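Following the working numbering, the numbering of the sequence shown begins with 11 at its first residue and continues without gaps.
C-beta: ideal position from N, C-alpha, C; glycine also.
The model shown is predicted, which means the values in this text are computed figures rather than measured ones.
Contents: one structure, followed by commentary.
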Amino acid sequence: MAILRFRIYWEDDDSIYRDVVIKHTQNFADLHLCILKSFEFDSKHKATFYRSNDSWLRGREISLEKYADKSYKVEPMIMTEVTMGSEIKDPNQKFIYVYDFNKFWTFMVELINVDKDENKKLAYPVCIRTEGIAPSQYGTKGLIDKRLAEVEEKYDLNAAAMLEGFSEEDEDGNATESAEEDTTAGEEAQEDF
11 MAILRFRIYW EDDDSIYRDV VIKHTQNFAD LHLCILKSFE FDSKHKATFY RSNDSWLRGR
71 EISLEKYADK SYKVEPMIMT EVTMGSEIKD PNQKFIYVYD FNKFWTFMVE LINVDKDENK
131 KLAYPVCIRT EGIAPSQYGT KGLIDKRLAE VEEKYDLNAA AMLEGFSEED EDGNATESAE
191 EDTTAGEEAQ EDF
């Protein structure tokens, strides 16, 4: 059984992506739900995939359902009726995934690997790699709890550094001790030359 590994990039920032593995016999609705889960989105909105090419042009549509308020040039295929394997025409097959037709969350979906062996420990489809903090589906997402810890670790921030800020002046506009020390050290360095 073929296991397909897709990399799903957020269109606005390709450093934010998720790697998802799915069986070739599973359908696009399974991939749709896995993408939403991996980016921490709810499943309350309309969604569609488009077959794509190396230039990321939109091709045939694979929709969650046929939407009455949307006009189609060609009838869309339905996610629950289309298996993943049936739409893989290229070793680097690409799809465009659009979620929430009001916000138009757009993700680039690219096949990056095909594996013959199934991992019995995994329940497919599943996200196996996460890079970057997911965008907030509804407004601004605060950096709290686990996410703040990830940012602290990535940039090696400690609690003292986060409290200090960037200013070298106190609230009254007077230079702080660290700023005075820096200027003294600079003067000493100039005297050596």
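Spatially closest choice to residue i from the options, by CA coordinates
{"i": "threonine 58", "options": "Ile106, Val31, Val30", "result": "Ile106"}
{"i": "histidine 28", "options": "Ile138, Leu67, Asp79", "result": "The displayed chain sequence assigns arginine, not histidine, to residue 28. If we check each option's Cα against that of arginine 28, Ile138 comes out closest."}
{"i": "phenylalanine 111", "options": "His55, Glu85, Ala133, Asp24", "result": "His55"}
{"i": "alanine 64", "options": "Lys99, Gly95, Phe114", "result": "Rather than alanine, the amino acid found at residue 64 in this sequence is aspartate. Nearest option by C-alpha distance: Lys99."}
{"i": "tyrosine 77", "options": "Gly69, Ile18, Met87", "result": "Met87"}
{"i": "lysine 33", "options": "Asn102, Thr140, Ile13, Arg70", "result": "Ile13"}
{"i": "glutamate 75", "options": "Ala39, Arg17, Ala144, Arg15", "result": "Ala39"}
{"i": "cysteine 44", "options": "Glu141, Gly149, Tyr134", "result": "Tyr134"}
{"i": "proline 101", "options": "Leu121, Thr90, Gly95, Val108", "result": "Leu121"}
Status (buried if at least 16 other CB within 10 Å, exposed otherwise) for residue i
{"i": "phenylalanine 117", "result": "buried"}
{"i": "glutamate 123", "result": "It should be noted that the sequence gives asparagine, not glutamate, for residue 123. Classification of asparagine 123: exposed, given that the 10 Å Cβ count is below 16."}
{"i": "aspartate 24", "result": "exposed"}
{"i": "tyrosine 82", "result": "exposed"}
{"i": "lysine 131", "result": "exposed"}
{"i": "serine 53", "result": "exposed"}
Where residue i falls: helix, strand or coil (DSSP)
{"i": "alanine 133", "result": "coil"}
{"i": "leucine 153", "result": "Confidence is the limiting factor: at leucine 153 the pLDDT is only 49, short of 50, which leaves the residue's position unreliable, though a coordinate-based value still follows. Residue state, collapsed to three classes: coil."}
{"i": "glutamate 39", "result": "The amino acid occupying residue 39 in the given sequence is alanine; glutamate does not appear at that position. Helix, per DSSP."}
{"i": "lysine 9", "result": "Shown here, the chain extends from 11 to 203; a query on residue 9 therefore has no answer."}
{"i": "isoleucine 138", "result": "strand"}
{"i": "leucine 67", "result": "coil"}
{"i": "isoleucine 45", "result": "helix"}
{"i": "methionine 89", "result": "helix"}
Identified DSSP bridge partners for residue i
{"i": "phenylalanine 59", "result": "Ile72, Tyr107"}
{"i": "glutamate 21", "result": "For glutamate 21, which the question treats as bridged, DSSP gives no partner whatsoever."}
Whole-Å CB distance - residue i paired with residue j, under 8 Å assumed
{"i": "valine 92", "j": "asparagine 37", "result": "6 Å"}
{"i": "phenylalanine 16", "j": "valine 119", "result": "5 Å"}
{"i": "glutamate 62", "j": "lysine 104", "result": "As written in the sequence, residue 62 is serine, which differs from the glutamate given in the question. 4 Å between Cβ atoms; contact."}
{"i": "valine 31", "j": "serine 48", "result": "With a Cβ gap of about 11 Å, valine 31 and serine 48 do not count as contacting."}
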